[in-house]
Structures are given as C-alpha cells and as structure tokens.
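If you're matching positions, the sequence shown starts at 49 in this note's numbering and goes up one per residue.
Just so it is clear, CB atoms sit at the ideal spot from N, CA and C, and this is done for glycine as well.
Every value quoted in this text rests on a predicted model; they were computed, and no experiment measured them.
Everything below concerns the one structure shown next.
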Amino acid sequence: MASSDDLRLLETITDADQRNALALRLAQAATPGLDAVLVKLIQRPDLADKRAPLVHALSFIDCSDHVALLVELVASGGFEAAHEALQALETVDEADADDVEQARAILDRARSVANLEGWREALLEELAELFD
49 MASSDDLRLL ETITDADQRN ALALRLAQAA TPGLDAVLVK LIQRPDLADK RAPLVHALSF
109 IDCSDHVALL VELVASGGFE AAHEALQALE TVDEADADDV EQARAILDRA RSVANLEGWR
169 EALLEELAEL FD
C-alpha cells in the first residue's frame, strides 16, 4: 500500500520519468490524497511541458472535483496534455453545477479565439458535446 511518504516523494522528485512512473503506480493503487498532489504538480509552471503523464494519472481517479482544471487544459494545454485532459473529462459522470458553469465559461472563451490550431478546435468541439 502506498504511503504518505510516496506522496511527498512525488511532489519533490525532479526526474520526470521517475515522477511519471510513481504517479501512475500511485494512481493505479488508488492512493488517497493523490489527486491533490497531482493537481499541484499539473499547475506548476515549471512542469507545463511535462504535465501530460500527470493528467493521465489523474484520469485513473475521480476527476469530478477537477472539471474546470481539465477544461482549461483542453483549452490551453499542450497537445498531449489537452488530449489526456479530454479523456479524463470523458470519465466524469457528474460534476457540481458551479464547476460546470465555470467549465462552460472556459470553453466559450477558448472557442472565441481566432486562428485555433485544427487539433485544438476538434478537441473543443468534442468537449462542447460533453456539456450538451
């Protein structure tokens, strides 16, 4: 069973491959408290180009409390992170009404941007279908 030591290690580890492997192992073990650590890591600016595997790990656990974050990643994250975020959102069965409203606002803002990349436009269309 994973321990709080593993969660602390996940927060502080600097090697991306080791961090990603540990995140996935902890996610597969459904480690309590992991989602909070993953969200912190995903939001770290220094990990912006390395967050896709962390988003993937987050998708193993209940993402219903992180809908707005995941929508933001679809709207503005890198290619891999955006795709992983959409996959994570597809697993959410129910979300808080305020979170859904915030997510819709993010989606509307993202869809209003001119000259979106084709892949992002396609992801935003798929995302819009989730909220319909």
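Residue i burial status per 10 Å Cβ neighbour count (16 or more: buried)
i	result
Glu-138	exposed
Phe-108	buried
Thr-60	exposed
Ala-170	exposed
Thr-62	exposed
Met-49	At Met-49 the pLDDT is 46, less than 50, meaning the model places this residue with poor confidence and gives no usable figure here.
Arg-56	exposed
Arg-92	exposed
Glu-120	buried
CB-CB length for residue i against residue j, believed under 8 Å
i	j	result
Val-122	Leu-175	5 Å
Leu-155	Leu-172	7 Å
Leu-70	Asp-83	Contact doesn't hold; Cβ gap of about 15 Å is too wide.
Residue from the options with nearest C-alpha to residue i
i	options	result
Pro-101	Thr-79, Ala-145, Phe-127	Phe-127
His-131	Ala-143, Glu-142, Val-140, Leu-118	Leu-118
Pro-80	Asp-65, Asn-68, Leu-106	Leu-106
Val-140	Leu-86, Ala-78, Ala-64, Leu-178	Leu-178
Arg-157	Asp-65, Ser-51, Ser-124	Ser-124
Tell me, please, whether the stretch 149 to 157 touches the stretch 99 to 114 by the rule of three or more beta-carbon pairs shorter than 8 Å. no
Looking at C-beta atoms only, is the number of pairs between the stretch 69 to 77 and the stretch 90 to 98 that lie closer than 8 Å three or more? no
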